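See structure below.
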Amino acid sequence: MSFLRGSAPPSGGVNPERIELATAELDMITDVFNRLVTTCYTKCIGARFTEPDLNKGESVCTDRCVAKFFEVNKKVGEKMQQMGAGAQANAGSSSGGSYTSL
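Under UniProt numbering, the residue at position 89 of the sequence shown is numbered 89, and the numbers go up by one with no gaps.
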């Protein structure tokens with residue numbers, strides 16, 4: 001935190017690779033948020049605004065929609081990690097294996 005307060009940066013200064021990774025992560029989080037808002041708004045909020053606040057039905061629908069969205073997002077992430085680990089294991093075992101000549 002001392003870096004944010006204006007004191008000297010840590011040895012080596014700012015790492016451009018870390019900034020690029022942080023920017024990519026922020027872009028992904030923003031994309032997830034925008035998809036969440038679009039999906040749940042379309043599903044739960046009516047086209048006619050009769051009240052300034054959400055009514056009970058809209059509020060419950062939005063809560064459930066957000067919960068389901070994050071649950072599915074978590075399951076997809078876990079599945080992708082499993083697939084990535086399986087692909088790495090297959091690549092590791094096939095690269096060191098024997099080969100046949102033509």
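Note that CB positions come from ideal geometry on N, CA and C, so glycine has one too.
Source: prediction; values computed, not measured.
What's the gap between the Cα of residue i and the Cα of residue j?
| i | j | result |
| --- | --- | --- |
| Arg48 | Gly77 | 36 angstroms |
| Lys43 | Phe70 | 16 angstroms |
| Lys56 | Val72 | 24 angstroms |
| Asp31 | Val66 | 15 angstroms |
| residue 104 | Ala24 | Since the first and last residues shown for the chain are 1 and 102, residue 104 lies out of range. |
| Leu26 | Thr50 | 35 angstroms |
| Ala91 | Ala85 | 10 angstroms |
| Gln88 | Lys79 | 14 angstroms |
Quiz item: Mind pulling the alpha helix (DSSP H) runs of 4 or more residues that sit fully within the stretch 20 to 65?
Solution: none
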